[in-house]
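First comes the structure, then the notes that go with it.
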Amino acid sequence: MQILVNGERRDAILGTTVADLLRELEVRPDRVAVEVNLEVLDRQEFARRGLREGDRIEIISFIGGGGKEKVSAMQDERLIIAGREFKSRLWVGTGKYKDFVETKKAIDAAGADVVTVAVRRVNITDRSKENLLDYLDPKKYTILPNTAGCYTVEDAVRYARLARASGVSDLVKLEVIGDERTLFPDTAGLIEAAKILIKEGFIVLPYTNDDPVVAKKLVDVGCPAVMPLAAPIGSGLGIRNPYNLKIILETVKVPVIVDAGVGTASDAALAMEYGADAVLMNTAIAGARDPIAMAEAMKYAVEAGRLAFKAGRIPRKLYATASSPIEGML
Numbered sequence: 014m015q016i017l018v019n020g021e022r023r024d025a026i027l028g029t030t031v032a033d034l035l036r037e038l039e040v041r042p043d044r045v046a047v048e049v050n051l052e053v054l055d056r057q058e059f060a061r062r063g064l065r066e067g068d069r070i071e072i073i074s075f076i077g078g079g080g081k082e083k084v085s086a087m088q089d090e091r092l093i094i095a096g097r098e099f100k101s102r103l104w105v106g107t108g109k110y111k112d113f114v115e116t117k118k119a120i121d122a123a124g125a126d127v128v129t130v131a132v133r134r135v136n137i138t139d140r141s142k143e144n145l146l147d148y149l150d151p152k153k154y155t156i157l158p159n160t161a162g163c164y165t166v167e168d169a170v171r172y173a174r175l176a177r178a179s180g181v182s183d184l185v186k187l188e189v190i191g192d193e194r195t196l197f198p199d200t201a202g203l204i205e206a207a208k209i210l211i212k213e214g215f216i217v218l219p220y221t222n223d224d225p226v227v228a229k230k231l232v233d234v235g236c237p238a239v240m241p242l243a244a245p246i247g248s249g250l251g252i253r254n255p256y257n258l259k260i261i262l263e264t265v266k267v268p269v270i271v272d273a274g275v276g277t278a279s280d281a282a283l284a285m286e287y288g289a290d291a292v293l294m295n296t297a298i299a300g301a302r303d304p305i306a307m308a309e310a311m312k313y314a315v316e317a318g319r320l321a322f323k324a325g326r327i328p329r330k331l332y333a334t335a336s337s338p339i340e341g342m343l
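In the working numbering, the protein residues as written are 14 to 343.
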């Protein structure tokens, strides 16, 4: 019989199960999610689900979107989202690096414990192709699947379900893209997809624009955090609308994670000084001339920005105020 696996036609013996197929492809079942004819399977079903003529199978995994650790000044104040505690306020993506080794080094230099990953088909033709999860231990890092590249509610929901079926997490960074050129979100679709996934028990972290009204609507439907963009994804423009960001921070009572558009360390520090709870970035680190050094710079910038926010800056004044007293002068 013939089946379609990740878009490629394959011959299979009648009675072949999903587990048999994975063994034949040398794919570890604990690292993937499997969909048969648009139905996402639980892992327990792999050995029971027999394949039939014409079945369409998708096998997906994730790609890159020893010693005692030194506790930084900000790690004693943990970020909590939906009851989950995170030590770092710098979250990083895993795309655009030259290889997984560099990815891992950059993540470690950043001190990040949350990493975003894209949901993509497993390469079934190149058996030597590495898996990102070979480098990122889910016991050490929180793996945050995203629905990057999804332009419809249906696709975003489908990818989120596949991500959860892989066994990594019920967390999802929800993206519903509305424009191919700017990659701005489709906010109406985003809210609709969030409602569906929240009803299914997902912890939805939505990538949204810098609109305070949309941010509030996302919180109202049950999102435990919002992730407004600073600027278009990968643009490196920094925070283009600080006033809207400040309004969002005043409007919603959940963590706000600035996502997309950071270009360098000063952008990250500024986001934290405004009061953001965390910053998520990928291109700013992976696209730097020295990604490892930039990752470390971003770590310190986020910590410094958070500390400055807590310390409270002095008010801006039009005229000078002497810092040395004039009393006692000759």
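A virtual CB, placed ideally from N, CA and C, is assigned to each residue, including glycine.
How long is the line joining the alpha carbons of residue i and residue j, rounded to whole angstroms?
i	j	result
Gly79	Leu149	Note that Gly79 scores a pLDDT of 44, beneath 50, so its modelled location is shaky; the value from the coordinates is reported in the next line. Looking at the two C-alpha atoms, the distance is approximately 15 Å.
Arg8	Asp147	Outside the displayed span of the chain (14 to 343) sits residue 8, for which this structure offers no information.
Asp223	Ile260	9 Å
Glu118	Arg91	In the sequence as displayed, the identity of residue 118 is Lys instead of Glu. Roughly 23 Å between the two C-alpha positions.
Glu66	Gly20	15 Å
Ala169	Arg329	44 Å
Pro237	Asp183	13 Å
Glu340	Ala333	17 Å
Ala95	Ile70	34 Å
Gly106	Thr221	17 Å
Pro158	Leu34	25 Å
Val53	Ser74	13 Å
Glu263	Gly288	9 Å
Lys153	Asp126	7 Å
Arg133	Leu38	16 Å
Gly162	Val130	12 Å
Ile216	Arg41	26 Å
Ala314	Val166	35 Å
Ala206	Leu218	11 Å
Secondary structure at residue i, three-state DSSP: helix, strand or coil?
i	result
Ile26	coil
Asn50	coil
Arg177	helix
Gln15	strand
Lys230	helix
Ala119	helix
Ala131	strand
Val105	strand
Arg36	helix
Pro241	strand
Arg253	coil
Phe99	strand
Leu146	helix
Asp112	coil
Arg61	coil
Arg56	helix
Arg69	strand
Take the Cβ of residue i as the centre, count every other Cβ of all protein chains shown within 10 Å, and call the residue buried at 16 or more, exposed below.
i	result
Leu331	exposed
Asp280	buried
Leu27	exposed
Gln15	exposed
Ile298	buried
Ser101	buried
Val114	exposed
Lys323	exposed
Asp192	exposed
Leu230	Rather than Leu, the amino acid found at residue 230 in this sequence is Lys. Lys230 comes out buried.
Asn50	exposed
Thr160	buried
Pro225	buried
Arg326	exposed
Gly214	exposed
Asp43	exposed
Lys306	Sequence inspection shows Ala at residue 306; the Lys mentioned does not correspond to that position. Exposed, by the Cβ-count rule.
Arg319	buried
Ile93	exposed
Lys266	exposed
Glu82	Its pLDDT being 42, under 50, Glu82 is placed unreliably by the model, and the measurement read from it follows with that caveat. Counting Cβ neighbours within 10 Å, Glu82 comes out exposed, since fewer than 16 surround it.
Val18	buried
Arg194	exposed
Glu316	buried
Glu188	buried
Using a C-beta cutoff of 8 Å, does residue i count as contacting chain C?
i	result
Leu231	No chain C is part of this structure, which consists of one protein chain only.
Should residue i be listed as close to the ligand GTP, given that the test is whether its C-beta is under 7 Å from any heavy atom?
i	result
Arg23	This structure simply doesn't include the ligand GTP, nor any ligand for that matter.
Exercise for review: Taking 8 Å as the threshold, find out whether the region 274-292 comes into contact with the region 234-245 through three or more Cβ pairs.
Suggested key: yes
Practice item. Please list the segments of the beta strand (DSSP E) lying wholly inside the region 256-332, counting only runs of 3 or more residues, in order along the chain. Key: 270-272 and 291-294
Point to revise | Validate contact between the region 301-319 and the region 252-270 using beta carbons, cut 8 Å, 3 pairs | key: no
Practice item. Please specify which runs of the alpha helix (DSSP H), each continuous and at least 4 residues long, are wholly inside the region 158-228, giving them in chain order. Key: 166-178 and 200-212
**Study point:** Any 3 or more C-beta pairs closer than 8 Å across the region 185-203 and the region 251-258
**Key:** no
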